[in-house]
Amino acid sequence: MLLSIDHVGIVAPSLEQGWEVMVDHLGLTPDEGRSPLPDGVFFEPEQAHAFFFTVGGGETRIEMLVPAPGSVSGTARFLERRGPGLHHLGFLCEDLDAEAERLAGQGLVEIELPRTADGRRTAAFFHPATAGGILT
Numbered sequence: 001m002l003l004s005i006d007h008v009g010i011v012a013p014s015l016e017q018g019w020e021v022m023v024d025h026l027g028l029t030p031d032e033g034r035s036p037l038p039d040g041v042f043f044e045p046e047q048a049h050a051f052f053f054t055v056g057g058g059e060t061r062i063e064m065l066v067p068a069p070g071s072v073s074g075t076a077r078f079l080e081r082r083g084p085g086l087h088h089l090g091f092l093c094e095d096l097d098a099e100a101e102r103l104a105g106q107g108l109v110e111i112e113l114p115r116t117a118d119g120r121r122t123a124a125f126f127h128p129a130t131a132g133g134i135l136t
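Mapping to my numbering: the sequence shown position 32 is 32, numbers consecutive.
In structure tokens form, the structure reads like this:
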């Protein structure tokens, strides 16, 4: 079961350009506990550095993905085709595997990502064409 929106994902060409908008203009707070500077958290399946920012008291989070140089991942292709901006919605759920199976059973097409050595998912993404135009 989906519990809440965990974060809104955006894509930026660089930490500096994204920082200018997120921190300098919007006044968001970097969440260095979740994504330590200067490199953030490297999300291997998408070859991108993830940086989190909080809004207000921290109940709302923005994830900024910055593709690694030379990356040919989906995130890098998205940035190349559409430019920086809104990328995805991230939901919190009790059981990722069970929820991914439930959504697939509803007709959403999962984008295959590498799994852990023991076969677990670390994230599940569903194709926008099957999820109302939103990468979920």
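Beta carbons: idealized from backbone N, C-alpha and C, even for Gly.
Keeping to the same chain, check which residues put their C-beta closer than 8 Å to that of residue i; ignore five residues upstream and five downstream.
i      : result
LEU3   : PHE91, LEU92, CYS93, GLU94
PHE125 : HIS88, GLU110, ILE111, LEU113, LEU135, THR136
GLY85  : ILE10, VAL11
ALA129 : VAL109
Sorted by chain position, which residues of the same chain lie with C-beta nearer than 6 Å to residue i's C-beta, five sequence neighbours on each side aside?
i     : result
PHE43 : ALA50
MET64 : ILE10, ALA12, GLY18, PHE51
ARG61 : HIS7, PHE52, THR54
Taking the beta strand (DSSP E) that residue i falls in, what are its first and last residues?
i     : result
ALA50 : 48-55
GLU99 : Unbroken run through GLU99 is the alpha helix (DSSP H), 96-105; no beta strand (DSSP E).
GLU63 : 60-67
Comparing alpha-carbon positions, which option in the options lies nearest residue i?
i     : options                       : result
MET1  : ALA98, ALA129, GLY133, ARG115 : ALA98
GLY58 : VAL66, VAL41, GLU32, GLN47    : GLU32
PRO69 : PRO36, ILE62, LEU79, LEU28    : LEU79
GLY56 : HIS127, ALA123, VAL23         : VAL23
VAL41 : PRO67, ARG77, ASP118          : PRO67
SER35 : HIS25, LEU26, GLY27, ALA48    : ALA48
Confirm, please, whether the CB-CB distance from residue j to residue i is below 8 Å.
i      : j     : result
GLY53  : THR75 : A small correction: the amino acid at residue 53 is Phe; Gly does not occupy that position in the sequence shown. No.
GLU101 : SER73 : no
Which same chain residues, not among the five before or five after residue i, have their C-beta less than 7 Å away from its C-beta?
i      : result
ALA123 : LEU113
THR116 : THR122
Taking the continuous alpha helix (DSSP H) assigned at residue i, which residues delimit it?
i     : result
GLY74 : 74-82
contact_flag[the region 6-23, the region 101-108] where n(CB pairs < 8 Å) is 3 or more: no
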